[in-house]
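Trainee: In the UniProt record's numbering, the protein residues as written are 1 to 468.
1) Could you say which of 388, 359 and 231 lies nearest to residue 406 if we only look at CA atoms?
2) Helix, strand or coil: which one does DSSP assign to residue 168?
3) Does residue 311 come out as helix, strand or coil in the three-state DSSP assignment?
4) Taking the alpha-carbon positions, what's the residue 77 to residue 147 distance?
5) Can the beta-carbon of residue 385 be found closer than 7 Å to that of residue 342?
6) Suppose the cutoff is 6 Å on Cβ atoms and the five residues either side in sequence are ignored; what does the same chain contact list for residue 73 look like?
7) Does the segment 392–406 come close enough to the segment 415–431 that 3 or more CB-CB pairs lie under 8 Å?
8) Is residue 100 buried or exposed, if buried means 16 or more other CB atoms sit within 10 Å of its CB?
9) Would you mind working out which of 96, 380, 313 and 141 sits nearest residue 321, comparing C-alpha positions?
10) Once you ignore the five residues that flank residue 189 on each side, which residues in its own chain have a CB closer than 6 Å to its CB?
11) Using the rule of at least 16 other Cβ atoms within 10 Å of the residue's Cβ for burial, across every protein chain shown, is residue 391 buried or exposed?
12) Apart from the five residues just before and just after residue 23, which ones in its own chain have a Cβ nearer than 8 Å to its Cβ?
13) What are the uninterrupted segments assigned as alpha helix (DSSP H) that are 4 or more residues long and contained completely in the UniProt domain "Thioredoxin" (48–194), given in chain order?
14) Please check the pair residue 192 and residue 275, which I expect to be a contact at CB under 8 Å, by giving their CB distance rounded to whole angstroms.
15) Could you tell me which uninterrupted beta strand (DSSP E) segments, each at least 3 residues in length, are contained entirely in the segment 261–318, listed from first to last along the chain?
16) Am I right that residue 279 and residue 242 are in contact with their C-beta atoms under 8 Å? What's the rounded C-beta distance?
17) If you draw a straight line from the alpha carbon of residue 260 to that of residue 231, how long is it in whole angstroms?
18) Can you check which of these residues, 175, 174, 166 and 179, is closest to residue 470 by C-alpha distance?
19) Can you give me the C-alpha to C-alpha distance between residue 180 and residue 437, rounded to a whole angstrom?
Put into structure tokens, the structure is as follows:
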């Protein structure tokens with residue numbers, strides 16, 4: 001006998017939860033429900049793309065073992081895009097005409113154009129496929145998934161697993177006219193980082209940092225990192241760092257490195273420095289990336305982690321489903337969907353305190369959400385009422401006039417989607433901050449039934465028709 005899933009249960013990835021009849025109905029009616037187990041990027045692209053002359057191209061025909069998809073984020077009104085598109089088109093045509101793996105690469109145009117006429121004119125210049133212009137929500141989610149902050153951007157993904165190959169496809173493909181390096185997988189740390197310095201032994205964590213010389217922000221961070229490294233070594237932690245310089249000359253590099261207690265990639269080795277920056281998608285400096293013994297990334301939030309935990313008590317700073325709001329975690333508010341719970345200690349259980357209350361209210365839904373499909377896009381944070389960062393979030397969310405204003409009475413919970421819809425939801429006003437209410441709110445958000453919320457920094461409710 002085969003058991004069927006109860007009607008009042010929704011499964012998101014490998015996590016199932018009981019829901020209200022309203023949620024169950026909304027889920028059943030939701031169009032284009034993603035196929036369980038399908039990579040997130042394929043879910044967003046849908047089953048069919050637009051081909052040349054308006055034809056339908058089944059996604060299944062351009063995905064599979066050995067295949068590579070290039071998501072081309074672009075728009076006709078963008079001058080750099082108009083400059084790069086002919087270069088990419090010429091490379092694509094050469095690849096299709098003569099490469100041994102001609103059938104294994106496809107490009108998908110993901111447009112930021114605002115009207116059909118402009119989109120059609122621009123797409124007519126391209127020899128590949130496109131996401132339909134009408135799929136605005138999918139386009140926004142793809143942009144968030146790959147943290148696209150500007151165009152043109154070319155993101156390369158594995159056509160079978162959906163895993164990211166590189167978000168720096170514009171450089172990888174643009175510098176390889178003959179496609180000799182297809183599928184343009186970045187070198188691993190082990191390949192790039194050979195002989196980067198001394199003391200190459202095993203470690204609990206290996207920190208690779210890119211920081212500028214003194215006087216800039218990196219100059220202020222380096223003394224803090226020195227103190228944290230000293231504390232870790234004093235505690236018996238086997239940890240090493242490698243300096244990857246952003247300096248503009250060898251003399252400046254040598255002077256700056258003289259203040260550090262760790263090895264450096266030789267300044268003359270600009271090629272490997274560029275490869276490391278590409279490998280870890282370094283958007284600015286200082287950046288501190290922490291790796292495990294197998295050179296897998298533990299966190300790329302090392303700068304914030306050092307600031308929030310100068311003694312390294314929580315090193316190597318593995319990301320947790322629910323964490324305190326701090327300089328380490330605050331940046332996540334700009335990177336994805338975030339629930340922030342501000343706990344009023346006076347109203348919390350005196351025996352457990354703020355942290356215990358936060359764990360009881362948010363712990364279960366946080367763990368289930370980050371483990372489920374699209375979980376990497378979510379963060380769950382908590383703070384004590386009156387804390388400076390809590391005040392900053394409440395002011396940003398529009399719940400108080402400014403950071404010096406008194407916070408609302410009792411516990412407060414907000415859901416923010418800054419990089420996407422740029423909206424905020426006051427969850428406490430909608431249903432309270434208990435575990436059941438917060439789980440219900442997160443579930444409704446995923447189904448699109450939470451309500452319109454309010455525009456961050458704006459007045460009144462959003463109708464969901466925000467311009468791109």
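Virtual Cβ for every residue (Gly too), placed ideally from N, Cα, C.
Since the model is a prediction, treat every value here as computed from it, not as a measurement.
Mentor: Here's the rundown:
1) Checked all of 388, 359 and 231; the closest Cα to residue 406 is 388.
2) Shown here, residue 168 sits in coil according to DSSP, grouped into three states, outside any helix or strand.
3) It is coil, neither helix nor strand.
4) Rounded to the nearest angstrom, the two C-alpha atoms are 21 Å apart.
5) Yes, the pair counts as a contact, with Cβ atoms nearer than the cut-off.
6) So the list reads 110, 148, 151 and 153, once near-sequence residues are dropped.
7) Taking a cut-off of 8 Å on C-beta distances, the segment 415–431 touches the segment 392–406, as three or more cross pairs fall below it.
8) Residue environment for residue 100: exposed (fewer than 16 other C-beta atoms within 10 angstroms of its C-beta).
9) For the set 96, 380, 313 and 141, the Cα lying nearest the Cα of residue 321 is the one of 380.
10) Sequence-distant partners of residue 189 (beyond 5 residues in either direction) whose C-beta falls short of 6 Å from its own C-beta, in its chain, are 295.
11) So residue 391 ends up on the buried side.
12) Because residue 23 carries a pLDDT of 48, less than 50, the predicted location of this residue cannot be relied on, and the following value inherits that uncertainty. Hits under 8 Å: 10, 440, 443, 444, 447 and 449.
13) For the UniProt domain "Thioredoxin" (48–194), whole alpha helix (DSSP H) runs of length 4 or above, ordered along the chain, are 79–98, 116–123, 136–145, 169–174 and 189–192.
14) With 8 Å as the limit, residue 192 and residue 275 qualify as a contact, their Cβ atoms being about 5 Å apart.
15) 287–291 and 297–299, all fully within the segment 261–318.
16) Your pair residue 279 and residue 242 does not check out as a contact, with CB atoms roughly 13 Å apart and the cut at 8 Å.
17) Note on geometry: alpha-carbon atoms of residue 260 and residue 231 lie some 15 Å from one another.
18) Nothing in the structure corresponds to residue 470, since the chain is present only between 1 and 468.
19) Within the model, the alpha-carbon separation for residue 180 versus residue 437 is close to 54 Å.
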